[in-house]
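Peer 1: As given, the protein sequences belong to chains Y and B, one line each in that order.
Going left to right, the first sequence walks through residues 570 to 875 as our numbering numbers them.
Going left to right, the second sequence walks through residues 374 to 766 as our numbering numbers them.
Each residue gets a CB set at the ideal place from its N, CA and C atoms; glycine is no exception.
Every value quoted in this text rests on a predicted model; they were computed, and no experiment measured them.
First the structure, then my questions, so here it is.
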Amino acid sequence: MTEHRERIRAAMAKAEVDVLVLGREANARYVSGANRLWLAGTRPFAPSCVFVGATGRVHLLSVTDDGVPADVPPANLYPISWNPMNLTSAAARAAEGTTVRRVGVDGMSPLFAGLLAAVFPDAELADGEAVLREIRRVKTPGDVEAIRAAIAVAEGALAAVVAAGPTVGARELAGVFEERMAQLGTTTPAFAPVIDVAGDRVAARVGVIHEGWEGVLSRTWPSDDGARAASAAGVTACRPGARVGDVIQAGVSVDGVGLGHEAVRAEDKLAPGMVLFVEATRDRARWGETVLVTDETPEILTSTVV
Amino acid sequence: MSGGPLAFDGTLDRARMGWERHARLVESLADHDIDVLVLLGQGNVGYASGVRMPGADQAQAIHRRAVAVVTTDGTPPTVWAPEAATVPTDLGLDVRPGLNLEFDDDAQRLVQSLPRGRLAVDDATMPLWRALADRDPQDASVALTAAKIVKTPDELECIRRAQAINEAAIADVETMVAPGVPATELTGLFLRRILELGASGNTVDPVWQVMPHSIKAGPYSATGDVVFPTVTTPRRFEARDVVFVDTGMHYEGYQSDYGHTWVVGGDLEEYHRRHAQQWLDIVAAVVEVTKPGATARDLTRAAGEVYGRKPWLAHLYLAHGTGTESAEMPFVGTDLGEDFDESIVLAPGMVLVLEPVVWEDGKGGFRAEDIVTVTEAGCERLSNLRFGAYGLA
Chain Y
570 MTEHRERIRA AMAKAEVDVL VLGREANARY VSGANRLWLA GTRPFAPSCV FVGATGRVHL
630 LSVTDDGVPA DVPPANLYPI SWNPMNLTSA AARAAEGTTV RRVGVDGMSP LFAGLLAAVF
690 PDAELADGEA VLREIRRVKT PGDVEAIRAA IAVAEGALAA VVAAGPTVGA RELAGVFEER
750 MAQLGTTTPA FAPVIDVAGD RVAARVGVIH EGWEGVLSRT WPSDDGARAA SAAGVTACRP
810 GARVGDVIQA GVSVDGVGLG HEAVRAEDKL APGMVLFVEA TRDRARWGET VLVTDETPEI
870 LTSTVV
Chain B
374 MSGGPLAFDG TLDRARMGWE RHARLVESLA DHDIDVLVLL GQGNVGYASG VRMPGADQAQ
434 AIHRRAVAVV TTDGTPPTVW APEAATVPTD LGLDVRPGLN LEFDDDAQRL VQSLPRGRLA
494 VDDATMPLWR ALADRDPQDA SVALTAAKIV KTPDELECIR RAQAINEAAI ADVETMVAPG
554 VPATELTGLF LRRILELGAS GNTVDPVWQV MPHSIKAGPY SATGDVVFPT VTTPRRFEAR
614 DVVFVDTGMH YEGYQSDYGH TWVVGGDLEE YHRRHAQQWL DIVAAVVEVT KPGATARDLT
674 RAAGEVYGRK PWLAHLYLAH GTGTESAEMP FVGTDLGEDF DESIVLAPGM VLVLEPVVWE
734 DGKGGFRAED IVTVTEAGCE RLSNLRFGAY GLA
């Protein structure tokens with residue numbers, strides 16, 4: 570986490586953001602390393618993690634230190650509250666003694682805009698999500714190891730789907746994937762498995778969230794109708810300096826991979842350390858690899874053979 | 374342990390549910406002087422339009438979300454949907470391609486499409502927040518709550534079905550609870566069974582928390598109260614572990630909420646049964662006063678005190694509503710205080726998840742969740758908790 574926080578502090582200084590007040594779980598996890606209860610879907614902005622640039626202090630919404638790294642001491646934990654003022658007060662306490670002119674947030678609502686203005690009267694709001702997106706995009710070696718571990722779970726669970734065979738329906742195969750994933754010790758899928766059974770052919774995109782990190786891949790078996798070759802062309806295009814749009818030109822879709830799904834756009838330039846999910850679909854077949862952009866040849870992190 | 378999706382007795386008319394929800398929402402917007410409602414929260418989008426994106430981790434759900442715009446001019450909602458297949462065809466929706474509101478261009482495209490008038494929003498990304506600066510956006514939560522807090526008969530049927538699927542999956546999971554079994558194995562069976570039984574998706578990482586005998590013996594508590602919930606790990610159960618169970622999934626966007634307490638190995642002490650009986654007594658007392666016109670304060674009063682404490686967790690509540698969100702209004706017994714509870718008046722069609730906690734520090738405790746809906750005469754159950762393991766009815 571130390572490396573993450575140093576990177577964030579540098580980016581905050583550059584963006585002239587004094588405090589980050591974060592609601593999104595992936596951002597909170599990047600900053601704090603905490604493993605909090607996983608919930609599916611969107612939820613409205615509320616301050617659940619505060620990072621102060623001047624002090625490097627992390628304050629976190631949590632009733633317990635269970636799952637919270639030791640460098641976030643119990644005194645920096647604040648419990649859930651149904652009174653939103655308690656949450657903005659907790660943010661203000663975290664920043665006590667520092668000058669706050671710009672508060673970076675990863676979402677906003679009229680309610681919290683008013684309450685944050687009350688506790689940081691001299692501050693304006695800035696796009697904290699944009700700051701974190703840029704930092705999170707380029708992985709540290711530790712991040713890449715975490716993604717490899719997540720992929721190992723996803724591939725282990727996919728093996729159970731392959732073994733189950735096409736005589737079982739898509740819904741049942743999704744169940745097989747999630748059951749095996751949990752048996753391997755990871756209880757949270759990255760998304761509902763996308764599985765299509767057509768005759769004796771199965772196409773599956775599967776993903777897990779393992780200790781916060783996403784492991785994702787797709788496969789079609791027994792025949793893939795050229796999806797695999799198309800995916801390989803996209804993977805080859807993942808060179809530093811290329812744009813995401815150049816990879817898409819190869820006939821694939823491209824998503825960012827990190828603490829869950831990450832957004833990339835066609836104009837984004839690839840750099841070493843970025844991790845991308847490159848997937849080709851042909852008819853009802855799909856093939857997708859998770860790829861690490863390096864200085865040279867891209868490294869494919871997924872390896873399932875079907 | 375198979376046999377396909379669960380069958381249901383009750384009737385569900387999805388189109389009617391969609392029309393009735395939209396009508397309720399439009400009426401509430403008019404009451405709150407709102408002309409244009411912009412919705413990003415996927416529970417709210419589903420409520421307003423029937424559009425539900427497939428379940429996903431928050432990070433993916435944020436980037437691939439449907440957006441709904443509701444107006445009071447008599448036209449159906451506009452939805453910006455990343456997947457056309459998620460859009461119901463019988464509601465006359467104005468369907469447009471998906472937007473990624475993480476970026477300024479899409480945020481501006483959305484805002485430029487909005488009609489004039491007083492505007493409210495449930496949540497915003499920073500690009501959307503900036504793009505709305507000239508529109509003086511109002512908070513949508515009060516108007517949304519006013520519509521959503523009372524359920525239509527079809528919504529109640531969805532909750533009933535969600536709960537029935539959840540309970541059926543749990544009945545299978547419970548048979549595998551034994552010393553030496555890792556908690557994550559329970560999760561695996563649960564996730565598989567809810568899919569097989571017809572759930573639309575899982576909502577929360579299932580909790581199978583082994584409870585300490587005392588607060589002090591447990592993990593650090595920022596409130597001084599019992600710590601719950603904690604995240605499930607592959608830790609293996611031991612005989613006589615007291616396990617607080619909490620799971621939730623959804624059916625057509627409507628949430629289940631299953632809570633119970635298990636004693637691993639089934640070798641019950643007198644106090645295990647006593648705690649369960651006390652929990653049943655608290656629920657019976659609360660149910661007794663749950664009827665139209667009662668306030669949330671009446672419910673907390675009926676719950677009383679057990680072992681010198683209010684019988685629920687200080688950082689949570691005695692009860693919460695449920696619907697398209699797993700915990701929504703009405704909230705009962707939160708840290709918003711007694712005046713807030715006094716202001717919550719029950720009405721037919723409201724739903725309450727009653728989740729008292731009996732805690733005898735030094736011995737541990739009991740927690741379960743029972744779901745009721747308020748009726749004209751009182752209330753009726755949407756859940757069907759079993760207490761056979763405790764030798765209780």
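For chain Y, find out if any of its Cβ atoms is closer than 8 Å to the Cβ of glutamate 475/B; answer yes or no.
Peer 2: Against the second sequence, residue 475/B aligns to sequence position 102. True, the Cβ-Cβ gap to chain Y drops below 8 Å.
Peer 1: Is the distance from the Cβ of alanine 429/B to the Cβ of glycine 610/Y below 8 Å?
Peer 2: Here the question's residue 429/B lines up with position 56 in the second sequence. Here the question's residue 610/Y lines up with position 41 in the first sequence. Going by C-beta atoms, alanine 429/B is nearer than 8 Å to glycine 610/Y.
Peer 1: Taking Cβ positions only, does alanine 429/B come closer than 8 Å to chain Y?
Peer 2: As a working note, residue 429/B is residue 56 in the second sequence. Chain Y contact via Cβ: present.
Peer 1: For chain A, find out if any of its Cβ atoms is closer than 8 Å to the Cβ of arginine 438/B; answer yes or no.
Peer 2: In the structure shown, chain A does not exist; the protein chains are Y and B.
Peer 1: Comparing the C-beta of alanine 415/B with each C-beta of chain Y, is any distance below 8 Å?
Peer 2: Taking the first residue of the second sequence as position 1, residue 415/B is located at position 42. It should be pointed out that residue 415/B corresponds to glutamine in this sequence rather than to alanine. Closer than 8 Å to some Cβ of chain Y, the Cβ of glutamine 415/B qualifies, so yes.
Peer 1: Exposed or buried, what is asparagine 652/Y when buried is set at 16 or more other beta-carbons lying within 10 Å of its beta-carbon?
Peer 2: Working through the first sequence from its first residue, we reach residue 652/Y at position 83. With fewer than 16 Cβ atoms within 10 Å of its Cβ, asparagine 652/Y is classed as exposed.
Peer 1: What are the boundary residues of the alpha helix (DSSP H) that glycine 502/B is part of?
Peer 2: Indexing the second sequence from 1 puts residue 502/B at position 129. Reading the sequence as shown, one finds tryptophan at residue 502/B and not glycine. First-last of the alpha helix (DSSP H) with tryptophan 502/B: 499 to 504.
Peer 1: Which residues of the stretch 611 to 633 of chain Y have a Cβ closer than 8 Å to any Cβ of chain B? Give them in chain order.
Peer 2: The stretch 611 to 633 of chain Y vs chain B, Cβ under 8 Å: Thr611, Arg612, Pro613, Phe614, Ser631, Val632, Thr633.
Peer 1: Does the contact criterion of 3 or more C-beta pairs under 8 Å hold for the stretch 637 to 646 of chain B versus the stretch 587 to 594 of chain B?
Peer 2: No contact exists between the stretch 637 to 646 of chain B and the stretch 587 to 594 of chain B.
Peer 1: If you draw a straight line from the C-alpha of tyrosine 680/B to the C-alpha of glutamine 651/B, how long is it?
Peer 2: In the second sequence, counting from the first residue as 1, residue 680/B sits at position 307. In the second sequence, counting from the first residue as 1, residue 651/B sits at position 278. Rounded to the nearest angstrom, the two C-alpha atoms are 10 Å apart.
Peer 1: Can you give me the C-alpha to C-alpha distance between isoleucine 435/B and proline 841/Y, rounded to a whole angstrom?
Peer 2: Numbered from 1 along the second sequence, position 62 holds the residue referred to as residue 435/B. Numbered from 1 along the first sequence, position 272 holds the residue referred to as residue 841/Y. If I take the Cα positions, the gap works out to 26 Å.
Peer 1: For valine 618/B and alanine 715/Y, I'd like the C-alpha separation in whole angstroms.
Peer 2: Walking along the second sequence from the start, residue 618/B turns up at place 245. Walking along the first sequence from the start, residue 715/Y turns up at place 146. Those two C-alpha atoms are separated by around 29 Å.
Peer 1: Alpha carbon to alpha carbon, how far is leucine 385/B from aspartate 630/B? Give it in angstroms, no decimals.
Peer 2: By 1-based counting over the second sequence, the position of residue 630/B is 257. By 1-based counting over the second sequence, the position of residue 385/B is 12. Whole-angstrom Cα-Cα distance: 20 Å.
Peer 1: Does asparagine 575/B get closer than 8 Å to chain Y when you measure Cβ to Cβ?
Peer 2: In the second sequence, counting from the first residue as 1, residue 575/B sits at position 202. At least one chain Y Cβ lies under 8 Å of asparagine 575/B.
Peer 1: What is the rounded straight-line gap between the Cα of tryptophan 392/B and the Cα of alanine 750/B?
Peer 2: Your numbering for residue 392/B matches position 19 in the second sequence. Your numbering for residue 750/B matches position 377 in the second sequence. Cα to Cα, the separation comes out at about 27 Å.
Peer 1: Count the other CB atoms within 10 Å of the CB of threonine 462/B; is the residue buried (16 or more) or exposed (fewer)?
Peer 2: In the second sequence, residue 462/B corresponds to position 89, counting from 1. Counting Cβ neighbours within 10 Å, threonine 462/B comes out exposed, since fewer than 16 surround it.
Peer 1: Taking the C-alpha atoms as reference points, what is the distance between methionine 843/Y and isoleucine 817/Y?
Peer 2: The sequence position of residue 843/Y within the first sequence is 274, counting from 1. The sequence position of residue 817/Y within the first sequence is 248, counting from 1. Taking the straight line joining both Cα atoms gives about 16 Å.
Peer 1: Is there a Cβ from chain Y that is less than 8 Å from the Cβ of phenylalanine 381/B?
Peer 2: In the second sequence, residue 381/B corresponds to position 8, counting from 1. So no, phenylalanine 381/B is outside the interface.
Peer 1: Using only the alpha-carbon positions, how far apart do valine 833/Y and cysteine 807/Y sit?
Peer 2: Walking along the first sequence from the start, residue 833/Y turns up at place 264. Walking along the first sequence from the start, residue 807/Y turns up at place 238. When rounded, the distance between both Cα atoms is 13 Å.
Peer 1: Could you pull out every unbroken alpha helix (DSSP H) segment of at least 4 residues lying fully inside the stretch 797 to 862 of chain Y, listed in chain order?
Peer 2: Those alpha helix (DSSP H) runs which fall completely within the stretch 797 to 862 of chain Y and span 4+ residues are 813 to 818.
Peer 1: Under the assumption that leucine 694/Y contacts valine 672/Y (Cβ atoms under 8 Å), give the Cβ distance between them as a whole number of angstroms.
Peer 2: Mapped onto the first sequence, residue 694/Y falls at position 125. Mapped onto the first sequence, residue 672/Y falls at position 103. That pair is a contact at about 6 Å.
Peer 1: CB glycine 626/B to CB serine 573/B, shorter than 8 Å?
Peer 2: For the purposes of this step, residue 626/B is taken as the residue at position 253 of the second sequence. For the purposes of this step, residue 573/B is taken as the residue at position 200 of the second sequence. Cβ distance < 8 Å, so glycine 626/B and serine 573/B count as in contact.
Peer 1: Scan the stretch 592 to 604 of chain B for residues whose Cβ lies nearer than 7 Å to a Cβ of chain Y and list them as they occur along the chain.
Peer 2: Of all residues in the stretch 592 to 604 of chain B, Pro592, Tyr593, Ser594, Ala595, Thr596, Val600, Pro602, Thr603, Val604 have a Cβ within less than 7 Å of some Cβ in chain Y.
Peer 1: As an exercise, report each continuous alpha helix (DSSP H) stretch of at least 4 residues that is fully enclosed by the stretch 724 to 797 of chain Y, in chain order.
Peer 2: Here the runs fully enclosed are 739 to 752.
Peer 1: Given a cut-off of 8 Å, decide if tyrosine 690/B and phenylalanine 713/B are closer than it, judged by their beta-carbon atoms.
Peer 2: The residue labelled residue 713/B in the question sits at position 340 within the second sequence. The residue labelled residue 690/B in the question sits at position 317 within the second sequence. No, the Cβ-Cβ distance between phenylalanine 713/B and tyrosine 690/B is not below 8 Å.
Peer 1: Going by DSSP, which residues form a beta bridge with glycine 618/Y?
Peer 2: Counting from 1 along the first sequence, the entry for residue 618/Y is found at position 49. Reading off the sequence, residue 618/Y comes out as cysteine, not glycine. Answer is Leu591/Y, Leu629/Y, bridged to cysteine 618/Y.
Peer 1: Would you mind sorting glycine 594/B into buried or exposed? The rule is 16 or more other CB atoms within 10 Å of its CB.
Peer 2: Sequence index remark: in the second sequence, residue 594/B carries index 221 (1-based). At residue 594/B the sequence reads serine, which differs from the glycine that was named. Buried, by the Cβ-count rule.
Peer 1: In the DSSP output, what is proline 470/B paired with across the bridge?
Peer 2: As a first step, residue 470/B must be located in the second sequence, where it is residue number 97. Answer is Ala454/B, bridged to proline 470/B.
Peer 1: Give me the Cα-Cα distance between glycine 471/B and lysine 683/B, rounded to the nearest whole angstrom.
Peer 2: Translated into the one-based positions of the second sequence, residue 471/B becomes position 98. Translated into the one-based positions of the second sequence, residue 683/B becomes position 310. Taking the straight line from one Cα to the other gives about 47 Å.
Peer 1: Out of Arg438/B, Ile655/B, Val726/B, Leu758/B, which one is the CA nearest neighbour of arginine 674/B?
Peer 2: Stepping through the second sequence from its first residue, residue 674/B is reached at position 301. When each option's Cα is compared against that of arginine 674/B, the closest is Ile655/B.
Peer 1: Could you tell me the alpha carbon to alpha carbon distance between proline 809/Y and arginine 438/B, rounded to whole angstroms?
Peer 2: On the first sequence, position 240 is the one that residue 809/Y refers to. On the second sequence, position 65 is the one that residue 438/B refers to. C-alpha separation (whole angstroms): 30 Å.
Peer 1: Verify the CB distance criterion: does aspartate 708/B have a CB-CB separation below 8 Å to chain Y?
Peer 2: The count along the second sequence starts at 1 and reaches residue 708/B at position 335. Chain Y, which has a Cβ nearer than 8 Å to the Cβ of aspartate 708/B, makes this yes.
Peer 1: Less than 7 Å separating the Cβ of leucine 562/B from some heavy atom of the ligand HEM?
Peer 2: Of the ligands one can find in the structure shown there are none, so the ligand HEM has no counterpart to examine.
Peer 1: Below 8 Å, how does it come out for the stretch 472 to 492 of chain B and the stretch 645 to 665 of chain Y: are there three or more Cβ pairs, yes or no?
Peer 2: Taking 8 Å as the limit for Cβ pairs, the verdict is that the stretch 645 to 665 of chain Y does not touch the stretch 472 to 492 of chain B.
Peer 1: Determine the chain B residues that contact arginine 593/Y at a beta-carbon separation under 8 Å, and present them in chain order.
Peer 2: As a working note, residue 593/Y is residue 24 in the first sequence. By Cβ distance, chain B contributes Gln431, Ala432, Ile435.
Peer 1: Just how far apart, CA to CA, sit alanine 457/B and aspartate 614/B?
Peer 2: To locate residue 457/B, count along the second sequence from 1; it is residue 84. To locate residue 614/B, count along the second sequence from 1; it is residue 241. In a straight line, the C-alpha of alanine 457/B is about 48 Å away from that of aspartate 614/B.
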